[in-house]
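Presented below is the structure to which this report refers.
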Amino acid sequence: MGPLSIITSTIFEDLAGKKVVVVNGSLGDLYLTKNIPSAQLTKFEMNTEALQALKDGRADAYLQDNVVLYYWARQNPEFQVLPEKIEPTPWAPAVKEGNKELKDWVNSELSKLGKEQYLHKLYEEYLRNELGPELDPDDFVIESSK
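Below, the structure written as structure tokens:
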């Protein structure tokens, strides 16, 4: 997964004191709670609820994964995704401690997929047209052959 993004009509630095919607327990929720505690957070359980609140004017901004926001902003051109990004938040599989066989298999498969640029291929096949051809896949996909 790539960086978190903000969709808003304001600029990132101006979120202090603004109404911001997030998904409860999401990285956006955690980031704002820690880094911009004066933001007035409204927490929802689903993206659709948060996006509707933004569209209805109940919030000034929404902090979420960039894939969700770029897709939504493309469908709702009155909103923009800010150019500022929050550090990438990669996903990773978890394996029960001590299960070396499974851990080695997962690492081997991830290495193969990284060498094949598998996630980039998926981006090209399924996301490029949905998000817009002008966007850089590296803003959405983090993969490694390590």
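For the sequence shown, position 91 (counting from the first letter as 1) is numbered 94 according to the numbering used here, and the numbering increases by one without interruption. Here a beta-carbon is modelled for each residue, glycine too, at the ideal position from N, C-alpha and C.
Buried/exposed call for residue i, threshold 16 Cβ in 10 Å
i	result
N38	exposed
Y126	buried
D59	exposed
W108	exposed
D63	buried
Residue range of the alpha helix (DSSP H) that includes residue i
i	result
Q120	Per DSSP, Q120 belongs to no alpha helix (DSSP H) and is neither H nor E.
Y74	69–78
L54	50–58
Under 8 Å between C-beta atoms of residue i and residue j
i	j	result
S147	G117	yes
K106	V98	yes
L2	V23	For residue 2 there is no data in the structure shown, the boundaries of the chain being 4 and 149.
D32	K46	yes
Residue i (DSSP reduced to helix, strand or coil)
i	result
A64	strand
K88	coil
K99	coil
L113	helix
C-beta neighbour in chain C for residue i, strict 8 Å
i	result
I89	Chain labels in this structure do not include chain C; a single protein chain is all it has.
Residue i - containing beta strand (DSSP E), residue span
i	result
K37	Here K37 belongs to no beta strand (DSSP E); instead the alpha helix (DSSP H) covers 30–38.
L44	43–47
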